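Data first, discussion second: the structure below is written as structure tokens.
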Amino acid sequence: MDIARWMEAYTAAVRQAFGKRVRCVGLQGSQARGEAAADSDIDVVLILDRWEPEDWPRYETVLAGLPERDRVCGFVSGREELLCWEPSELCGFYYDTEPWYGNLEELKERFGVSDARRAVRMGACGIYHACAHNRLHEKDAGLLRELYKSAFFVLRTAHFCRTGAFIRRRADLLPLLGGADRAILAAGLPDGETAGGFTERSDALLGWAAGVIRSFSS
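Okay, so the sequence shown: first residue is 162 according to our numbering, each after it adds one.
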């Protein structure tokens, strides 16, 4: 799929449907990072001046008229809700969005380093919780693999906190890391593997997440 052509069609369709109310159209996720597989989702962002109840069926009509409808996901919001969003989530949202129409520049004043640090801690806590549950109860190797992949989002925000540089792609972040951080990110790459069986891989991820939680606790 030609994602640029698809986004052009999507942008034209939402602007036709909502007119001057469209504040920003963007692309996120693997498609924006250039990491998409053939069946990857199309993670789009649509911000209107406000989001009204009647906008839902109108937007559904827009999506129904586009190819690859079953792959479309993403974020929709009114401007005011987004400006009042949890600041710890806005850092990743801002830097991970590739604008196609409008921009998100007014969000930059809504978050700071302390918010980014909170995002790191919350992300690591979520991974720890899910990994511990999976280790004890589900014992699902596929879920463990997904948790390793999700560590990327924690690692790139932690790197941002330390350096001020937000690295969007896994392959670009990997050579900038060392030690456990590098090992965890490498294991989450499409061809990455970790040593040992399910228990050993779970313990490695839990140990890394615990270290991040402690490091970003203040």
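Glycine residues also receive a C-beta, built at the ideal position from the N, C-alpha and C atoms. Keep in mind the model is a prediction, meaning the values are calculated, not measured.
Residue environment, residue 265, which counts as buried when at least 16 other CB atoms sit within 10 Å
Residue burial is scored here from C-beta neighbours: residue 265 has at least 16 other C-beta atoms within 10 angstroms and is therefore classed as buried.
For residue 342, I'd like the list of residues in its chain whose CB is within less than 8 angstroms of its CB, leaving aside the five on either flank, ordered along the chain.
Closer than 8 angstroms at Cβ, skipping near neighbours: 316, 319 and 369.
Can residue 361 be considered in contact with the ligand NAP, in the sense that its beta carbon sits closer than 8 angstroms to one or more heavy atoms?
With respect to the ligand NAP, the structure offers nothing, as it holds no ligand at all.
Could you check the C-alpha separation between residue 335 and residue 352 for me, to the nearest Å?
Cα to Cα, residue 335 sits roughly 14 angstroms from residue 352.
Candidates 329, 179 and 168, of which the one nearest residue 222 by Cα:
Of 329, 179 and 168, the residue nearest in Cα terms is 179.
In chain order, each alpha helix (DSSP H) run of at least 4 residues that lies wholly inside the stretch 175-215
Within the stretch 175-215, the complete alpha helix (DSSP H) runs of at least 4 residues are 190-194.
Starting from the N-terminal side, write out each stretch of the alpha helix (DSSP H) that is 4 residues or longer and does not extend beyond the stretch 301-326.
Every unbroken stretch of the alpha helix (DSSP H) spanning 4 or more residues and falling wholly within the stretch 301-326 is given here in chain order: 302-324.
Sequence-distant residues of its chain with Cβ nearer than 6 angstroms to residue 296 (five each side left out)
Counting only Cβ-Cβ distances below 6 angstroms, and skipping sequence neighbours, we find 363.
Quick check: what's the CA-CA separation for residue 237 versus residue 247?
Taking the straight line from one Cα to the other gives about 15 angstroms.
Option in 174, 198, 182 and 330 with minimal Cα separation from residue 259:
The option with the nearest alpha carbon to residue 259 is 330.
I'd like to know whether the C-beta atoms of residue 208 and residue 176 end up nearer to each other than 9 angstroms.
Taking 9 angstroms as the Cβ cut-off, residue 208 and residue 176 do not qualify as a contacting pair.
Using 8 angstroms as the cut-off, can you tell me whether the stretch 266-282 makes contact with the stretch 203-217, which would need three or more C-beta pairs spanning the two stretches below that distance?
Too few Cβ pairs lie closer than 8 angstroms, so no.
Going by the DSSP bridge assignment, what does residue 238 pair with across the sheet?
DSSP lists 208 as partners of residue 238.
Could you name the residues of the same chain whose beta carbon sits closer than 6 angstroms to that of residue 263, not counting the 5 residues immediately before and after it, in chain order?
If we look at residue 263 and ignore the five residues flanking it on each side, its Cβ neighbours are 184 and 185.
For residue 259, the first and last residue of its enclosing beta strand (DSSP E)
For residue 259, the enclosing beta strand (DSSP E) covers residues 259-263.
Alpha carbon to alpha carbon, what distance is there between residue 281 and residue 313?
Their Cα atoms are separated by approximately 11 angstroms.
Opposing strand residues paired with residue 233 [DSSP bridges]
Residue pairing for residue 233: DSSP places it in a beta bridge opposite 203.
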